[in-house]
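Q: For the sequence shown, the numbering used here assigns the number 78 to the initial residue and increments by one for each residue that follows.
Even for Gly, the Cβ is constructed at its ideal location relative to N, Cα and C.
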Amino acid sequence: MGIFQVVILCLVAGLIIWLLVSNIRIVPQARAYVVERLGAYHSTWQVGLHFKIPLIDKISRKVSLKEKVIDFPPQPVITKDNVTMEIDTVVYFQITDPKLYTYGVESPMDAIENLTATTLRNIIGELELDESLTSREHINTKIRMVLDEATDPWGIKINRVEVKNITPPKDIQVAMEKQMRAERERREAILIAEGEKKSQILIAEGQKEAAILQAEAKKQTAIKEAEGQSEAILMINKATADGLKLIKDAAADDSVIKLKSLEAFQKAADGQATKIIIPSEIQSLAGLATSVKELIKE
Numbered sequence: 078m079g080i081f082q083v084v085i086l087c088l089v090a091g092l093i094i095w096l097l098v099s100n101i102r103i104v105p106q107a108r109a110y111v112v113e114r115l116g117a118y119h120s121t122w123q124v125g126l127h128f129k130i131p132l133i134d135k136i137s138r139k140v141s142l143k144e145k146v147i148d149f150p151p152q153p154v155i156t157k158d159n160v161t162m163e164i165d166t167v168v169y170f171q172i173t174d175p176k177l178y179t180y181g182v183e184s185p186m187d188a189i190e191n192l193t194a195t196t197l198r199n200i201i202g203e204l205e206l207d208e209s210l211t212s213r214e215h216i217n218t219k220i221r222m223v224l225d226e227a228t229d230p231w232g233i234k235i236n237r238v239e240v241k242n243i244t245p246p247k248d249i250q251v252a253m254e255k256q257m258r259a260e261r262e263r264r265e266a267i268l269i270a271e272g273e274k275k276s277q278i279l280i281a282e283g284q285k286e287a288a289i290l291q292a293e294a295k296k297q298t299a300i301k302e303a304e305g306q307s308e309a310i311l312m313i314n315k316a317t318a319d320g321l322k323l324i325k326d327a328a329a330d331d332s333v334i335k336l337k338s339l340e341a342f343q344k345a346a347d348g349q350a351t352k353i354i355i356p357s358e359i360q361s362l363a364g365l366a367t368s369v370k371e372l373i374k375e
């Protein structure tokens, strides 16, 4: 075998080795390869090591299985009450079937965008402006259901749809701002009025409690004074009774009693009374006292 033949064999062997090595494919995580054989779909390669037959097999499409996010530009829509506004949406989707995704639709992203726009117009057309501004969750759910059903033959799963911004016309925004400002002022006035009302109630309750406490204090004072007077009267009556008892125990005769009466009369005469009724016994004692006084003088 000559040198020329050896060179040819080496070239052929190198070519074969190069063909074999160049047709070895490693599919990474979260990706899938769609393989065609002689122009027709053959298989879908998942994660791992694969070998492609040279000149026969062809990798038609490399598909990412990760969840993707598409932010569509604002779409003009008209509400039920004929208000034109712009709404932009965000769609979260994931490819579940690489084969259907490859052969199901020509341009999947354009198809999803157009389908989202038409669905959004249909939903907003059934709602008035106020409902459109407050029904984002309803709009998101309905769009997701419609898109998920429409994209299922394309091997796409719609996970979430979010209405990002709702932009009404400028004059509507000004009117809404005025309405919100008036509502805030109304709430502020209500809060101030409620605060003043509670303040007046607290002041009245405080005055009421103070009056009750003052009345209770006066009541206790009157009770204490009455109790003191009652005890004083009882003590006086007791002293009087004790005095009478002592007189009775001492067996005092009429002369002693008359003398005591005279002393009592003297105390009464020292007062401010203009008229004094003198008992006959005291009158006789007074006459007797005068006679004794005249005898002493003589």
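Could you check how far apart the C-beta atoms of G389 and T173 are, in whole angstroms? I think they sit under 8 Å.
A: The structure shown does not extend to residue 389, since the chain spans only 78 to 375, so no value can be given for it.
Q: Report the rounded CA-to-CA distance for N217 versus R237, giving the unit in angstroms.
A: N217 and R237: Cα-Cα distance of roughly 8 Å.
Q: Excluding the 5 residues preceding and the 5 following S120 in the sequence, name in chain order all residues of the same chain whose CB lies nearer than 6 Å to its CB.
A: Excluding sequence neighbours, S120 sits near V112.
Q: Decide if the segment 161-176 is in contact with the segment 138-147; the criterion is three or more beta carbon pairs, one per stretch, under 8 Å apart.
A: With the cut-off at 8 Å, the segment 161-176 and the segment 138-147 touch.
Q: Does DSSP put F149 in a helix, a strand or coil?
A: Coil, per DSSP.
Q: Assuming T156 and S212 make a contact with CB atoms under 8 Å, what is their CB distance in whole Å?
A: Wrong, their Cβ atoms sit about 11 Å apart, outside the cutoff.
Q: Three or more C-beta pairs closer than 8 Å, one from the segment 99-110 and one from the segment 123-139: is that the case here?
A: Judged by Cβ distances under 8 Å, the segment 99-110 makes contact with the segment 123-139, as three or more pairs qualify.
Q: Could you work out which residue in V140, L115 and M222 is closest to I130 when comparing CA atoms only?
A: Among V140, L115 and M222, the Cα nearest to that of I130 belongs to L115.
Q: Quick one, which of R264, P175, H215 and K139 has its alpha-carbon nearest K234's?
A: Ranking the options by Cα distance to K234, first place goes to P175.
Q: Got a sec, what are the start and stop residues for the alpha helix (DSSP H) G91 sits in?
A: From DSSP, the alpha helix (DSSP H) with G91 extends over I80 to S99.
Q: Is the Cβ-Cβ distance between R198 and V154 less than 7 Å?
A: Yes. Within cutoff.
Q: Restricting to Cα atoms, I'd like to know which of N159, E265, K301 and K296 is closest to E203.
A: The residue with the shortest Cα to Cα distance from E203 is N159.
Q: In the DSSP assignment, what residue or residues form a beta bridge with D158?
A: None; D158 has no bridge partner.
Q: So, for P246: in the same chain, excluding its five sequence neighbours on each side, which residues have a beta-carbon less than 8 Å away from its beta-carbon?
A: Cβ neighbours of P246 beyond the five flanking positions: V160, T161 and M162.
Q: Taking its Cβ as the centre, do 16 or more other Cβ atoms sit within 10 Å of V369, making it buried, or is it exposed?
A: Caution is warranted here: a pLDDT of 43 is assigned to V369, below 50, making its placement in the model unreliable, and the coordinate value is therefore given only provisionally. With fewer than 16 Cβ atoms within 10 Å of its Cβ, V369 is classed as exposed.
Q: On the DSSP letters alone, give me the boundaries of the beta strand (DSSP E) that A109 sits inside.
A: First-last of the beta strand (DSSP E) with A109: R108 to R114.
Q: Sorted by chain position, which residues of the same chain lie with C-beta nearer than 7 Å to M257's C-beta, five sequence neighbours on each side aside?
A: Cβ within range, chain order: n/a, list empty.
Q: Per DSSP, Y169 forms a beta bridge with which residues?
A: Looking at the DSSP assignment, Y169 forms a beta bridge with V146 and R237.
Q: What separation, rounded to the nearest whole angstrom, lies between the Cα atoms of Q82 and P230?
A: Between Q82 and P230, the C-alpha separation is close to 57 Å.
Q: Under the three-state reduction of DSSP, which class applies to V182: helix, strand or coil?
A: Coil, per DSSP.
Q: Specify, as a first and last residue, the run of the beta strand (DSSP E) that L63 falls within.
A: Since the displayed the chain opens at 78 and closes at 375, residue 63 lies outside it and no answer follows.
Q: Excluding five sequence neighbours on each side, which residues of the same chain lie with their C-beta closer than 6 Å to the C-beta of A188?
A: These residues qualify, in order along the chain: V182.
Q: Compute the beta-carbon to beta-carbon distance between P151 and I164, rounded to the nearest angstrom, for a pair I have assumed lies under 8 Å.
A: About 6 Å separates the two Cβ atoms, so the contact holds.
Q: My output table needs one value for D174: the three-state DSSP class, helix, strand or coil.
A: D174 falls in the coil class under three-state DSSP.
Q: Going straight from the alpha carbon of L224 to that of E260, what length do you get?
A: Approximately 38 Å, taken between the alpha carbons.
Q: Does the beta-carbon of A109 have 16 or more other beta-carbons within 10 angstroms, so that it is buried, or is it exposed?
A: It counts as buried.
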